[in-house]
Amino acid sequence: MKSKFETLELAIEFSKQASSLSELPYHAKDQLSRASLSISLNLAEGAARFTRNEKRRFYRMAFGSLKECQTLMKIYMKDKTELIALADVLGAKLWKLLMSLENKAPQKTPLTVNR
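This is the structure:
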């Protein structure tokens, strides 16, 4: 049965693909696997919560885990453009989900840090 929670379905697919990589050093593969799994688990737990603040808390953790994955991919996987693109789509969906729970108008997605 397919879930109506598209962001969670996308996160599960991202986790499966990230966990199946074999060319990374062990420590990086382990970290990427755990962080990508954390995205799905936090989305699922957030969806099961009842208050806006509880949902937001878990969705923020999922977003943080995604940023962790994106940083690992930047370091180790410059040639994995398909997985990087999937992470970008997931990031946009997660950001939209987070902004839907905020009391203010949506802001520009912080995809990169420019300093």
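So the sequence shown is numbered by my numbering: it starts at 9 and just counts up by one.
Glycine included, every Cβ here is placed at the ideal spot set by N, Cα and C.
Checklist entry - Given 8 Å as the limit, is there contact between the stretch 63-76 and the stretch 94-110, that is, 3 or more CB pairs closer than that? => result yes
Checklist entry - Are any of the Cβ atoms in chain C nearer than 8 Å to that of S108? => result As a matter of chain content, chain C is missing from the structure shown, which is built from one protein chain.
Next on the checklist: Looking at L80: is its Cβ nearer than 8 Å to the Cβ of L40?
Outcome noted: Yes, Cβ-Cβ distance for L80 and L40 is below 8 Å.
Item to check | Run of the alpha helix (DSSP H) containing R68, from where it starts to where it stops | outcome: R68 -> alpha helix (DSSP H) spans 60-84.
Checklist entry - Does DSSP put K88 in a helix, in a strand, or in coil? => result coil
Checklist entry - How would you write the range of the alpha helix (DSSP H) that L18 sits in, first residue to last? => result 14-27
Next on the checklist: Tell me which residue opens and which closes the alpha helix (DSSP H) that R57 is part of.
Outcome noted: Neither: R57 is in no alpha helix (DSSP H) and is coded neither H nor E.
Item to check | Helix, strand or coil at S30 [DSSP, three-state] | outcome: coil
Checklist entry - What does a CB cutoff of less than 6 Å around T25 pick up in its chain, not counting 5 residues either side in sequence? => result Thr is not the amino acid found at residue 25; the sequence shown has Gln there. Excluding sequence neighbours, Q25 sits near L91.
Checklist entry - From this set, K88, Y84, R64, which residue's C-alpha is nearest W103's C-alpha? => result R64
Next on the checklist: Alpha carbons only, please: which of L32, L45, S108, P33 is nearest the one belonging to L18?
Outcome noted: L45
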